[in-house]
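Residue numbers (this note's numbering), protein chains in the order written: chain A, 104 to 432; chain B, 39 to 324.
To start, the structure itself, in structure tokens.
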């Protein structure tokens, strides 16, 4: 299985991989501003890909992903700032912090289903945001936690001007996340997730412990959220409640929906859409670009129910069928 | 004690506005099982519309209120059209559309009127004294209009044909469609009512608070809390819960902590979801 996975024969995968790998080099010519956006695209892609595990595969609309990302960011930031822990050590700690909180939240809320589960996680979002902004002594309140010192790797300090290196590090984390999530999805566990999404009662009656599988999906996706939080905190040099507000989270969710739920590459494409489109539109109108972005978002959701990936798939099928139709005549 | 009563009355007054918003949200939820995270933004739009009309067009509060309500109703027709393709498609499409709407509404306000906070001058500034409790006329107006609206809605759902048809759609959409009720039109009525109510609340509360582009998000949360507390899809429950939340928030802010009052509402909210997922007031249709 492993050999097949990395085989060079799968041309599409190889082209995709090379394309993503050289993207930062190409974007470098466009300037630091676009590089920053590319880096943020990769970073939010990790969030979208991991959110997609519980959203698109396990079918649980979890709204707490954003605040758990925040938990990781605060955990890492506090450890680096107050205790002087090495940044790279704080990544697993941040990830495990988010997972631990996710297990508590999940244990409480995953007994509920569908809309009720979503709204319960929404309740936790509000509470955790209140904790972040009210425990001023610990988190810096509304202003946020800063300055978080930049990480360094082998003597090279990853300050804001080391854009290319920083982008490649995020890219490495993204590829790692995608690989792990892909392996999970194609395992026994992943099949259990999909059965839960399709029909929870059926899953239960065929012996799947739905509660614990949902907990697992919640835990794994939150693990990556916490990990991303740590990277985000050191790259931004600060973390504040505004970075993890509900609107920011909804952009991650929208990236999953727009890109294509339950696909591996969909959330990445969706994130690229959500991150780059406003910047491109900004070139046309400084005042109204975000407004146009909102309109385009709605149009895509209405016209492509399965996201960009679903739309591409539908187009390919249509072309394939016309081609075969031509051959037959 | 005098202060307690004043806090209580303030709580009831803000609660009456929460009720208006929550009832609107509950209405759109019960008819189409649709979660609209943009609902609080209509409140923001209503407040801004009221500010624009009063300070730039006509200096007549009653006329401005009427225009805001009518504008909200017209917006309802449009918003229902936006959501219509996603009926029955599940939460995620609707969440994304909500996000699009939030972006559109907040950004159109920021782009045209700027992000600065605005103040609407109340014209009902007379303060009335009852013993040692002081209440402004603005609060009387808010409470009176809210209660009148709620009563009117109650009578509408109870006795009119359209109201009954809406209740039937909320109860069972398929069956309602079978006996000839145009369910999509009922959804449109629900959106018209819901958004007009939210816009009216914005116009009513604007003189009490500052008006700014991000004021709606908090109200979305409160409306959801009230809906869940009252039982998702139960309009009467949402109405009672709106009052309860207003009072709880006011007293909590006064006696415990103002920063944690919003979070406290959601602690209650999660607790209720866990122990009574159908809310405090059972599962009646309306």
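Glycine included, C-beta positions come from ideal geometry on N, C-alpha and C.
Proximity test, Cβ basis, 7 Å: residue i and chain B
i              : result
residue 223(A) : yes
residue 341(A) : no
residue 237(A) : yes
residue 230(A) : yes
residue 390(A) : yes
residue 226(A) : yes
residue 338(A) : no
residue 215(A) : yes
residue 367(A) : no
residue 219(A) : yes
residue 246(A) : no
residue 395(A) : no
residue 321(A) : no
residue 357(A) : yes
residue 260(A) : no
residue 401(A) : yes
residue 353(A) : yes
residue 288(A) : no
C-beta contact flag for residue i and residue j at 7 Å
i              : j              : result
residue 366(A) : residue 412(A) : yes
residue 111(B) : residue 230(B) : yes
residue 268(B) : residue 276(B) : yes
residue 58(B)  : residue 246(B) : no
residue 378(A) : residue 140(A) : yes
residue 194(A) : residue 330(A) : yes
residue 313(A) : residue 299(A) : yes
residue 338(B) : residue 49(B)  : Look at the range of chain B in this structure, 39 to 324, and you will see that residue 338(B) is not part of it.
residue 347(A) : residue 173(A) : yes
residue 76(B)  : residue 151(B) : no
residue 306(A) : residue 308(B) : no
residue 174(B) : residue 248(B) : no
residue 322(A) : residue 212(A) : no
Assumed close pair residue i, residue j - CB separation to whole angstroms, cut-off 8 Å
i              : j              : result
residue 191(B) : residue 55(B)  : That pair is no contact at about 15 Å.
residue 227(A) : residue 167(A) : 5 Å
residue 251(A) : residue 337(A) : 6 Å
residue 42(B)  : residue 265(B) : Actually they are not in contact, since the Cβ atoms of residue 42(B) and residue 265(B) sit about 28 Å apart, beyond 8 Å.
residue 344(A) : residue 152(A) : Not really, about 24 Å apart at Cβ, beyond 8 Å.
residue 404(A) : residue 73(B)  : The Cβ separation is near 14 Å, so there is no contact.
residue 129(B) : residue 218(A) : 7 Å
7 Å Cβ cutoff, residue i in contact with chain A
i              : result
residue 294(B) : no
residue 224(B) : no
residue 315(B) : yes
residue 134(B) : yes
residue 308(B) : yes
residue 297(B) : yes
residue 304(B) : yes
residue 149(B) : yes
residue 123(B) : yes
residue 301(B) : yes
residue 115(B) : no
residue 333(B) : With chain B covering only 39 through 324, there is no way to say anything about residue 333(B).
residue 138(B) : yes
residue 259(B) : yes
residue 145(B) : yes
residue 131(B) : yes
residue 47(B)  : no
residue 61(B)  : no
residue 55(B)  : no
residue 141(B) : yes
Residues that residue i bridges to, as DSSP identifies them
i              : result
residue 172(B) : 167(B)
residue 260(A) : 255(A)
residue 308(B) : DSSP output for residue 308(B) lists no bridge partner at all.
residue 156(B) : 249(B)
residue 248(A) : 342(A)
Burial state of residue i, where buried means 16 or more other Cβ atoms lie within 10 Å
i              : result
residue 191(A) : exposed
residue 308(A) : exposed
residue 189(A) : exposed
residue 121(A) : exposed
residue 118(A) : exposed
residue 419(A) : exposed
residue 118(B) : buried
residue 327(A) : buried
residue 257(A) : exposed
residue 114(A) : exposed
residue 106(A) : Residue placement at residue 106(A) is flagged as unreliable, the pLDDT there being 46, under the threshold of 50; the coordinate-derived value follows with that caveat. By the neighbour-count rule (16 or more Cβ atoms within 10 Å), residue 106(A) is not buried but exposed.
residue 282(A) : exposed
Any chain E beta carbon closer than 7 Å to residue i
i              : result
residue 314(A) : No chain E appears in the structure shown, which is made up of the protein chains A and B.
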